[in-house]
Amino acid sequence: MSILNVKNIKKHYDVKTTFGSGGLVKALDGISFEAKAKKTLGIVGESGCGKSTLARQLMRLEDPTEGSITLEGKNITSFERAEYQSKIQMIFQDPYSSINPRKKAWQIIAEPLLINSNLSKSDCKEKACEMMRIVGLRPELANRYPHMFSGGQRQRIGIARALVQQPEIVICDEPVSALDVSIQAQVLNLLMKLQDEMGLTYLFISHDLSVVKHISDEILVMYLGKIVEYGPREQVFENPLHPYTKALMNASPSLSLEHLGKHEPLQGELPSPLNPPPGCAFHKRCPIATEQCKSVEPSLEMKNDRYISCLEV
Ligand SMILES: Nc1ncnc2c1ncn2[C@@H]1O[C@H](COP(=O)(O)OP(=O)(O)OP(=O)(O)O)[C@@H](O)[C@H]1O
Ligand SMILES: [Mg+2]
Numbered sequence: 000m001s002i003l004n005v006k007n008i009k010k011h012y013d014v015k016t017t018f019g020s021g022g023l024v025k026a027l028d029g030i031s032f033e034a035k036a037k038k039t040l041g042i043v044g045e046s047g048c049g050k051s052t053l054a055r056q057l058m059r060l061e062d063p064t065e066g067s068i069t070l071e072g073k074n075i076t077s078f079e080r081a082e083y084q085s086k087i088q089m090i091f092q093d094p095y096s097s098i099n100p101r102k103k104a105w106q107i108i109a110e111p112l113l114i115n116s117n118l119s120k121s122d123c124k125e126k127a128c129e130m131m132r133i134v135g136l137r138p139e140l141a142n143r144y145p146h147m148f149s150g151g152q153r154q155r156i157g158i159a160r161a162l163v164q165q166p167e168i169v170i171c172d173e174p175v176s177a178l179d180v181s182i183q184a185q186v187l188n189l190l191m192k193l194q195d196e197m198g199l200t201y202l203f204i205s206h207d208l209s210v211v212k213h214i215s216d217e218i219l220v221m222y223l224g225k226i227v228e229y230g231p232r233e234q235v236f237e238n239p240l241h242p243y244t245k246a247l248m249n250a251s252p253s254l255s256l257e258h259l260g261k262h263e264p265l266q267g268e269l270p271s272p273l274n275p276p277p278g279c280a281f282h283k284r285c286p287i288a289t290e291q292c293k294s295v296e297p298s299l300e301m302k303n304d305r306y307i308s309c310l311e312v
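All letters in the sequence shown, in the order written, are residues 0 to 312 by numbering that gives the first Met the number 0.
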């Protein structure tokens, strides 16, 4: 059952270029998907493809230029802000910059409750301590400040804060990218355990396919503000179809061994979204591009068991 429906979302930013003339950055250019309740949708793509922009639209931190987002069948703009925030929360990449260094651990975790609920301060503290236990932090540490915790522990504080209001959806924006590899697995396992226990729906953003591999039920691959491939995890990993997805598999450190030699590596740089190439935006880097790809823009179509946007597949 789908809980979050995104229909043709666009986010275009007006920017000033160095030569004074204006430009339009199409950070998101027609994204549609649905997140299934209690499942994880992995969202992958290179730096700058629009992942965090998508997260900001879903969190209602910005208004999309076009398109609609519905939560449980209701347009997200029709919710009261506090009610919406209790249903959808976010975990950020850098636990240190996303939490207030002058607040104690329990205050950071309890803040959404202190702002949005009528609970007393002591009840909020109690809930925060309970959350600490749930995410694997000792409640005795409740009065400590963020700098007294390790990176992995700080990310647990960020997770506890996101979950303290028992949201339905959690957007995880690169939640383990800033952590040591050994700690990454612990945090991913914790997120999966919490999903089971609390019935959470995750949108899990990463630039690295290997990170989303185990946690995701479905995979959505983005390139320059558009979806290029979107389908069930097994199909996408076992038989990637889009040349960009294949290249990403080669580029991922822990997947590249499995995929080495099977696919062409990624060449060239991501073009500027200010001036994307005509036709298929990927054609300049694509090993199977034809003349047609230089001028004809592919549309996202259901092929076999997934959506794909490529003229040659
Ligand atoms: N407020 C803004 N004004 C102008 N351009 C913006 C703005 N926010 C984002 N962009 C541009 O939109 C594009 C998408 O950015 P976004 O941060 O969403 O990418 P990302 O996929 O999250 O990248 P990363 O993996 O580095 O976090 C980039 O080209 C970025 O420069
Ligand atoms: Mg980002």
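Cβ atoms here follow ideal geometry from the backbone N, Cα and C, with glycine treated the same way.
{"Check": "Could you tell me how far apart the beta carbons of E296 and G278 are, in whole angstroms, since I believe they sit closer than 8 Å?", "Outcome": "6 Å"}
{"Check": "Within 7 Å: the Cβ of V24 and any heavy atom of ligand 1?", "Outcome": "yes"}
{"Check": "CB M130 to CB A159, shorter than 8 Å?", "Outcome": "yes"}
{"Check": "Buried or exposed, going by whether 16 or more other CB atoms sit within 10 Å of the CB of Q152?", "Outcome": "buried"}
{"Check": "Going by beta carbon distance, what residues of the same chain come within less than 6 Å of L70, once the five residues before and after it are set aside?", "Outcome": "L3"}
{"Check": "For K261, is the classification buried or exposed, using 16 other Cβ atoms within 10 angstroms of its Cβ as the cut-off for buried?", "Outcome": "exposed"}
{"Check": "How far does the alpha helix (DSSP H) with P242 in it reach, from first residue to last?", "Outcome": "242–250"}
{"Check": "Terminal residues of the continuous alpha helix (DSSP H) containing D195?", "Outcome": "180–197"}
{"Check": "Among R155, L254, G21, V227, which has the Cα closest to the Cα of I90?", "Outcome": "R155"}
{"Check": "Can you give me the C-alpha to C-alpha distance between Q88 and M0, rounded to a whole angstrom?", "Outcome": "20 Å"}
{"Check": "Give the secondary structure of Q323 by DSSP, where H, G and I count as helix, E and B as strand, and everything else as coil.", "Outcome": "Lying outside 0 to 312, the shown extent of the chain, residue 323 is not represented and no answer is given."}
{"Check": "Can you find at least 3 beta carbon pairs, one from the stretch 185–202 and one from the stretch 162–176, that sit closer than 8 Å?", "Outcome": "yes"}
{"Check": "L60 and L202 - do their beta-carbons sit closer together than 8 Å?", "Outcome": "no"}
{"Check": "In or out: R101 buried (at least 16 other Cβ within 10 Å) or exposed?", "Outcome": "exposed"}
{"Check": "On the criterion of 16 or more Cβ atoms from any shown chain inside 10 Å, does T200 qualify as buried, or is it exposed?", "Outcome": "buried"}
{"Check": "With DSSP as the reference, identify every bridge partner of E65, one or two as the case may be.", "Outcome": "K9"}
{"Check": "For the stretch 66–148, list the beta strand (DSSP E) runs that are entirely contained and at least 3 residues long, ordered along the chain.", "Outcome": "87–90"}
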